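Engineer: Chains as they are written, first to last, in my numbering: chain C, 1 to 563; chain G, 564 to 712.
We put the beta carbon where it would ideally sit given N, CA and C, even for glycine.
Remember, it's a predicted structure, so these values are computed and weren't measured experimentally.
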Amino acid sequence: MDKDLILAQLLEFGYDPVVAQTALEQTNWKDIDKAIDYIYTHFGEGMNKAATAMEYTQNKNNSTTKPTSTQAPISRSNSKLKTSGKRIKSSITISTGSEEYNSDNEYEDYDEENEYYQDVDDYEFDIAVVDAFPKTNTVIQAVDIVKTALSEIDKIASITETSPSAATLLLCHFQWNGNKLLERYYEDPEKVIAQAGIKKIDQFFTHQNVKGESCSVCADDLDSLNGSYLPCKHYSCNDCWNQYLSLKVLEGGATSITCMGLKCPSVIPDEFINLVAPTVYPKYLERLAQTYVDQNPNMRWCPAPKCGNALKADSQTEATALCSCGFKICFKCKQESHFPADCEKMKHWKKKCEDDSETANWISTNTQDCPKCHSAIEKNGGCMHMTCKKCKHEFCWICLGNWIGHSNCNSYKKEENSNKSESKKQLERYLFYFHRFNTHEQAKKFETKLRTAALETIISFQNKTDKRWIDIKFVETSTEILIQCRRTLKYTYVYGYFMEDGPEKNLFEYIQSDLEKTTEQLSFLLSQAHQDLKIFDLKEMTNLASTKLKHLLEGVEDGFINQ
Amino acid sequence: MTSRYAKRLQKELLDLKTNPPPCISITEGDNLDKWVIAVDGTEGSIYQGEHFKLQFKFSSGYPLDSPEVIFIGTPPIHPHIYSNGHICLSILYDNWSPALTVSSVCLSILSMLSGCTEKIRPTDDSKYVSRVLNKSPKEVRWMFHDDTV
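Written out as structure tokens, the structure is:
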């Protein structure tokens with residue numbers, strides 16, 4: 001693996017750059033796990049602390065340089081830093097789940113890394129990032145879903161005082177709705193048990209001698225400890241059970257696989273599967289966890305490709321959920337979060353897009369002509385400020401107007417006194433909004449690539465001493481906020497399309513245009529970051545964008561005029 | 564075919580030869596993959612005196628996988644039997660269980676015949692036959708709606 005990548009990964013885990021570097025050098029850059037082991041054995045619990053690392057390297061190299069002379073400033077600004085550090089955490093922690101712990105650590109560690117905080121004024125500025133989308137959901141990483149499902153089962157098993165196998169079937173019967181299960185269970189446990197088909201669930205027999213019986217499937221004799229059966233007494237040898245179960249699990253029937261017997265209602269308990277077909281069991285658990293997420297009204301899969309995480313939030317109160325991969329979904333329609341447009345509007349919009357897609361696709365193809373010299377231009381980056389390579393004409397990609405004197409192009413201007421037919425006007429109006437919707441979508445796609453670029457930027461700056469680590473890390477925050485802005489802008493055009501004309505809409509479009517401009521500037525700064533990191537400008541613009549985004553969202557929630 | 568399933572088929576074959584259920588006899592069983600079984604209309608039923616032939620084809624997955632069962636020659640005229648020999652019977656498809664045997668399948672089909680009171684083809688017979696052509700009935704999605712006959 002690439003050295004930089006390994007290092008970046010370690011940094012992602014929250015290790016200090018110096019510690020990570022040392023560990024990797026000691027383990028010959030081979031394996032990230034080895035490096036982590038190394039950190040644990042040599043730096044112990046306080047592995048994140050730079051001081052430990054420095055001492056360590058100094059001891060190791062017998063270096064004569066004095067230990068860091070920046071000890072004093074700790075006390076100078078420590079108390080202030082502590083509190084502000086907390087505030088950062090609450091405002092810009094972006095991911096949740098297992099990562100949250102790490103990112104918390106990072107910030108707390110910075111409190112102690114005095115040398116980064118010599119410039120307190122600058123530091124004050126760090127805290128102001130407004131989170132326009134406070135998150136309340138939890139993210140269950142793809143690898144932990146089975147574990148989570150199993151702990152849910154254990155919980156129910158201990159409350160109802162049944163075996164895990166029985167609890168599994170109870171939960172499947174109630175579609176993983178634990179509260180409903182318990183409610184019904186306490187009303188009439190016998191009835192619930194009968195309904196879920198788990199009577200005598202725990203009376204099964206595996207690896208038995210069954211004299212005089214032969215396997216109902218392959219006709220082998222069951223006298224060499226190879227017979228297994230359920231309380232319904234349908235005998236079969238372990239091999240045949242194994243084949244049958246793997247067939248059933250492959251078919252997707254993870255929950256309530258019934259006995260092989262003809263029309264036999266006995267449900268096979270998962271403990272039985274574990275004992276008879278241990279090779280099938282992990283697959284079975286996977287399928288079980290899948291139904292756990294599928295059927296749970298408070299859980300959704302992250303729809304981003306190759307993600308596989310599950311998101312958990314209260315579906316009654318939460319409209320959106322943010323995955324640790326950065327994808328934000330609408331909890332109701334399971335698509336990408338489309339705030340400020342609501343699900344109903346999105347449905348109309350999508351239908352409209354399908355109906356008119358032929359024309360729309362034809363009109364907003366990937367290239368546009370330069371308004372001055374008419375050479376075809378393909379846009380391959382995020383910013384809307386275009387400069388024609390040929391004639392050096394500067395223009396806005398959206399409205400194709402001259403960039404000099406360009407102010408806003410986000411509101412559709414009705415052409416007065418035109419002779420165009422009503423339907424033609426309607427189409428034009430739609431295309432106006434569709435074009436902008438689509439342009440932001442395209443831009444967002446490029447900016448998702450910026451996540452990778454942000455990481456590369458971080459790597460390229462990490463060894464340069466003139467930048468503070470927290471500043472370099474800020475590129476990540478900016479990127480996330482930029483993506484949020486783009487996503488919201490995209491859907492504001494759906495929202496705007498369905499909005500009635502009037503002062504409310506005028507104000508909305510003003511704020512929208514304002515956010516659009518800031519977003520463009522932020523996009524520009526970020527696209528330049530790898531060459532020229534203007535950290536102060538970047539922070540200012542990120543804060544500005546985030547605040548404006550928040551204003552827009554608040555306006556949509558509470559109405560613009562009343563503000 | 565794997566030997567463990569061969570053992571089960573051999574056992575079934577032996578059972579059918581030595582102790583056949585009434586009105587059922589095996590005519591071709593030399594090849595373990597494909598059997599032909601003669602079914603006679605039971606006494607007192609509307610098929611009394613008629614003789615039919617059932618063909619069983621076993622895949623290597625048998626008995627976890629259901630056998631393909633069709634009438635060959637002239638199939639009986641019955642509301643659940645198509646003129647190409649395909650049989651609409653749930654245990655042959657969705658409700659198949661490895662606990663079922665050739666003999667129990669034959670008995671099910673026989674009882675399906677005996678319970679019938681009127682010789683008619685399924686209502687969608689011509690449509691179905693032209694649609695499935697030479698496909699195996701196992702590749703067809705069956706809807707089972709009538710349990711009376």
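C/W469 by DSSP, collapsed to three states: which one?
Structural biologist: Position 469 of the first sequence holds residue 469 of chain C. Helix.
Engineer: Run the CB neighbour count on C/R429, radius 10 Å, all protein chains shown included, and call it buried at 16 or more, exposed below.
Structural biologist: In the first sequence, counting from the first residue as 1, residue 429 of chain C sits at position 429. The residue in question, C/R429, is exposed, as its Cβ has fewer than 16 Cβ neighbours within 10 Å.
Engineer: How do the region 264 to 280 of chain C and the region 236 to 247 of chain C stand: do at least 3 beta-carbon pairs fall below 8 Å, yes or no?
Structural biologist: Judged by Cβ distances under 8 Å, the region 264 to 280 of chain C makes contact with the region 236 to 247 of chain C, as three or more pairs qualify.
Engineer: Using three-state DSSP, classify C/S268 as helix, strand or coil.
Structural biologist: Reading the first sequence from its first residue, position 268 is the one you call residue 268 of chain C. Before going on, a small fix: residue 268 of chain C reads as Ile here, not Ser. The answer is coil: DSSP assigns C/I268 none of H, G, I, E or B.
Engineer: Counting only C-beta atoms, is C/E45 closer than 8 Å to chain G at any point?
Structural biologist: As a working note, residue 45 of chain C is residue 45 in the first sequence. Unreliable positioning characterises C/E45 in this predicted model, as indicated by a pLDDT of 49, which lies under 50. The coordinate reading is nonetheless provided below. It does not; no Cβ of chain G falls within 8 Å.
Engineer: Please return the same chain residues whose Cβ sits closer than 7 Å to the Cβ of C/T136, not counting the five positions on each side in sequence.
Structural biologist: Along the first sequence, one-based indexing puts residue 136 of chain C at 136. Excluding residues within five positions, the ones whose Cβ falls inside 7 Å are A313, E318.
Engineer: With contact counted as at least three CB pairs below 8 Å, one residue from each stretch, are the region 493 to 506 of chain C and the region 431 to 440 of chain C in contact?
Structural biologist: The region 493 to 506 of chain C is in contact with the region 431 to 440 of chain C.
Engineer: Applying the 10 Å Cβ sphere with the 16-neighbour rule, what's the burial state of C/N410?
Structural biologist: Here the question's residue 410 of chain C lines up with position 410 in the first sequence. When all chains shown are included, C/N410 counts as buried.
Engineer: Identify, in the order they occur along the chain, each residue of the same chain with its Cβ nearer than 7 Å to the Cβ of C/S513, setting aside the five sequence neighbours on each side.
Structural biologist: Taking the first residue of the first sequence as 1, we reach residue 513 of chain C at position 513. Counting only Cβ-Cβ distances below 7 Å, and skipping sequence neighbours, we find N408, N410.
Engineer: DSSP on C/V556, reduced to helix/strand/coil?
Structural biologist: Here residue 556 of chain C refers to the residue found at position 556 when the first sequence is read from its first residue. Helix at C/V556.
Engineer: Return the CA-CA distance between C/M299 and C/V293, expressed in angstroms with no decimal places.
Structural biologist: Reading the first sequence from its first residue, position 299 is the one you call residue 299 of chain C. Reading the first sequence from its first residue, position 293 is the one you call residue 293 of chain C. About 6 Å.
Engineer: Assuming contact is defined by CB atoms lying nearer than 8 Å, are G/I600 and G/I609 in contact in what I supplied?
Structural biologist: Residue 600 of chain G sits at position 37 when you count from the first residue of the second sequence. Residue 609 of chain G sits at position 46 when you count from the first residue of the second sequence. No, these two residues do not count as a Cβ contact at 8 Å.
Engineer: Taking the beta carbon of C/M260 as the centre, do at least 16 other beta carbons fall within 10 Å, making it buried, or is it exposed?
Structural biologist: Residue mapping note: residue 260 of chain C aligns to position 260 of the first sequence, counting from 1. With 16 or more other Cβ atoms within 10 Å, it is buried.
Engineer: Spell out whether any CB of chain C is found under 8 Å from the CB atom of G/S660.
Structural biologist: Within the second sequence, residue 660 of chain G is the residue found at index 97, counting from 1. G/S660 counts as touching chain C.
Engineer: Pull out every residue of the region 200 to 225 of chain C whose Cβ sits closer than 9 Å to any Cβ of chain G, in chain order.
Structural biologist: Hits within the stretch, in order: S214, C215, S216, V217, C218, A219, D220.
Engineer: Take C/L450 and list the residues in its own chain whose beta-carbon comes closer than 8 Å to its own, dropping the five residues that flank it on each side.
Structural biologist: Within the first sequence, residue 450 of chain C is the residue found at index 450, counting from 1. Once the five neighbours on either side are set aside, the close Cβ partners of C/L450 are G382, T479, L482, I483, L526, S527.
Engineer: Which two residues bound the contiguous beta strand (DSSP E) that contains C/C396?
Structural biologist: Your numbering for residue 396 of chain C matches position 396 in the first sequence. Note, C/C396: beta strand (DSSP E), 394 to 396.
Engineer: Taking 8 Å as the CB-CB cut-off, is C/G227 touching chain G?
Structural biologist: By 1-based counting over the first sequence, the position of residue 227 of chain C is 227. Chain G, which has no Cβ nearer than 8 Å to the Cβ of C/G227, makes this no.
Engineer: What separation, rounded to the nearest whole angstrom, lies between the Cα atoms of G/P584 and G/T664?
Structural biologist: Taking the second sequence and counting its residues from 1, one reaches residue 584 of chain G at position 21. Taking the second sequence and counting its residues from 1, one reaches residue 664 of chain G at position 101. Rounded to whole angstroms, G/P584 to G/T664 spans 12 Å at the Cα level.
Engineer: First and last residue of the beta strand (DSSP E) that includes G/H614?
Structural biologist: Taking the first residue of the second sequence as 1, we reach residue 614 of chain G at position 51. Run containing G/H614: 614 to 620, per the beta strand (DSSP E) assignment.
Engineer: Alpha carbon to alpha carbon, how far is C/L247 from C/P282? Give it in angstroms, no decimals.
Structural biologist: Within the first sequence, residue 282 of chain C is the residue found at index 282, counting from 1. Within the first sequence, residue 247 of chain C is the residue found at index 247, counting from 1. Roughly 14 Å separates the two Cα atoms.
Engineer: Give a yes or no on contact between the region 529 to 541 of chain C and the region 450 to 459 of chain C, applying the rule of three or more CB pairs nearer than 8 Å.
Structural biologist: Yes: at least three Cβ pairs fall under 8 Å.
Engineer: Please list the partners that G/L627 has in chain C, where partner means a Cβ-to-Cβ separation under 8 Å.
Structural biologist: Translated into positions along the second sequence, residue 627 of chain G becomes position 64. Residues of chain C passing the Cβ test: V217, C240, Q243, Y244, L247.
Engineer: Quick one, are the C-beta atoms of C/L553 and C/C485 less than 8 Å apart?
Structural biologist: Locating residue 553 of chain C in the first sequence gives position 553, where the first residue counts as 1. Locating residue 485 of chain C in the first sequence gives position 485, where the first residue counts as 1. No, the pair does not count as a contact, with Cβ atoms beyond the cut-off.
Engineer: G/L663 versus chain C: which residues are under 9 Å apart at the beta carbon?
Structural biologist: As a working mapping, residue 663 of chain G is identified with position 100 in the second sequence. Under the 9 Å cutoff, chain C gives L262.
Engineer: Using a Cβ-Cβ cut-off of 8 Å, state whether C/H42 counts as contacting chain G.
Structural biologist: For the purposes of this step, residue 42 of chain C is identified with residue 42 of the first sequence, where counting begins at 1. Not an interface residue.
Engineer: Kindly indicate the opening and closing residues of the alpha helix (DSSP H) around C/E25.
Structural biologist: As a first step, residue 25 of chain C must be located in the first sequence, where it is residue number 25. Where C/E25 is concerned, the enclosing alpha helix (DSSP H) stretches over 17 to 26.
Engineer: Whose C-beta lies closer than 6 Å to the C-beta of G/S653 among residues of the same chain, with five residues either side of it excluded?
Structural biologist: Translated into the one-based positions of the second sequence, residue 653 of chain G becomes position 90. F707, listed in sequence order.
Engineer: If the cut is a Cβ gap below 9 Å, which residues of chain C does G/K574 touch?
Structural biologist: Position 11 of the second sequence, counted from the start, is the residue given in the question as residue 574 of chain G. Those within 9 Å of G/K574 in chain C are S214, A219.
Engineer: Once you ignore the five residues that flank C/L11 on each side, which residues in its own chain have a CB closer than 7 Å to its CB?
Structural biologist: For this step, residue 11 of chain C is matched to residue 11 along the first sequence. Excluding positions up to five away in sequence, the list reads P17, A20.
Engineer: If you measure from the beta carbon of C/C234 to each beta carbon in chain G, is any gap under 8 Å?
Structural biologist: As a working note, residue 234 of chain C is residue 234 in the first sequence. According to the sequence displayed, residue 234 of chain C carries His and not Cys. Answer yes: the Cβ-Cβ gap between C/H234 and chain G drops below 8 Å somewhere.
Engineer: Would you report the Cα separation of C/A167 and C/T160, rounded to the nearest angstrom?
Structural biologist: By 1-based counting over the first sequence, the position of residue 167 of chain C is 167. By 1-based counting over the first sequence, the position of residue 160 of chain C is 160. Going by the C-alpha atoms only, they are around 8 Å apart.
Engineer: Using a cut-off of 7 Å between C-beta atoms, extract the partners of G/Y568 located in chain C.
Structural biologist: Within the second sequence, numbered from 1, the residue matching residue 568 of chain G stands at position 5. Result: C218.
Engineer: Using the DSSP secondary-structure output, state which residues sit across from C/K155 in a beta bridge.
Structural biologist: Mapped onto the first sequence, residue 155 of chain C falls at position 155. Beta-bridge pairing links C/K155 to no other residue.
Engineer: How many whole angstroms separate the CB atoms of C/I458 and C/A8, which I take to be in contact at a CB cut-off of 8 Å?
Structural biologist: Numbered from its first residue, the first sequence carries residue 458 of chain C at position 458. Numbered from its first residue, the first sequence carries residue 8 of chain C at position 8. Right, their Cβ atoms sit about 7 Å apart.
Engineer: Assuming C/C323 and C/A304 make a contact with CB atoms under 8 Å, what is their CB distance in whole Å?
Structural biologist: Numbered from 1 along the first sequence, position 323 holds the residue referred to as residue 323 of chain C. Numbered from 1 along the first sequence, position 304 holds the residue referred to as residue 304 of chain C. That belief holds up - the Cβ atoms of C/C323 and C/A304 are roughly 7 Å apart, short of 8 Å.
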